[in-house]
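To start, the structure under review is shown below, and the notes come after it.
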Amino acid sequence: MNIQIKWTGKQNFEGIAADGQTVSISPNKDQEGTITPPDLLLMSLGSCTGLFLLPAAKAMNVSMEDFEITVKGVKAETPPKLFDKIKIHVAFKGNMSEDQAEEILKRSHEKCFVLTSLNPNIEIESTIEVKQ
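What follows is the structure, given as structure tokens:
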């Protein structure tokens, strides 16, 4: 895995994936068309979680029609204002029980390389809801 970051002026950067796809990065949340580094981290965590939900459901023979993941980072009050808590909420749609949904999410968390790469001092809070 190899990415490249190019400085594009001021505090702006362009992230370039190995396949050439790009993303504009800036610490300024108000700058149109850019994403902040903390948002990229949370997006990576959410999408990694999602990647492993489907195989977990399939392995359990659970029918999943759809899901939506919300990730919220809670930063410490004092500098360097690291994430001290991350909340992951998954809204499942399908024919499954809450216990099955919790097990699917647990299995996803075990496989998600972004989650397992985070500092172990970060509290991870996971919640689910199931819509039939």
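Quick note on our numbering: the sequence shown kicks off at 1 and runs consecutively.
Cβ coordinates follow ideal geometry from the N, Cα and C atoms, glycine included.
Considering only C-alpha positions, which residue in the set the options is nearest to residue i?
i, options, result
"I35", "L42, I25, L41", "I25"
"V90", "V71, E110, I3, E77", "V71"
"K93", "L115, E129, P80", "E129"
"V74", "L41, E102, M64", "L41"
"D30", "A17, Q11, I122", "Q11"
"E110", "P27, T78, I124", "I124"
"Q132", "D84, K6, L82, A101", "A101"
"L53", "P79, C112, Q4, I3", "C112"
"S63", "I5, I104, I122, E77", "I104"
Can you tell me the Cα-Cα spacing of residue i and residue j, whole angstroms?
i, j, result
"F13", "D39", "14 Å"
"I16", "V23", "7 Å"
"A18", "S44", "16 Å"
"S108", "E65", "17 Å"
"I88", "G20", "29 Å"
"F83", "W7", "25 Å"
"T174", "P37", "In this structure the chain extends from 1 to 132, so residue 174 is not present and cannot be described."
"I86", "M96", "25 Å"
"P55", "N2", "25 Å"
"T78", "N121", "16 Å"
"Q4", "F67", "31 Å"
Going by the DSSP bridge assignment, what does residue i pair with across the sheet?
i, result
"K6", "E14"
"S108", "Partner(s): none; S108 has no beta bridge."
"V130", "F92"
"E98", "Partner(s): none; E98 has no beta bridge."
"E123", "K85"
Counting pairs of beta carbons, one from the stretch 34 to 49 and one from the stretch 59 to 68, are three or more of them closer than 8 Å? Judged by Cβ distances under 8 Å, the stretch 34 to 49 makes no contact with the stretch 59 to 68, as fewer than three pairs qualify.
Inside the stretch 16 to 94 only - alpha helix (DSSP H) runs reaching at least 4 residues: Restricting attention to alpha helix (DSSP H) runs no shorter than 4 residues, the stretch 16 to 94 encloses them at 37 to 59, ordered along the chain.
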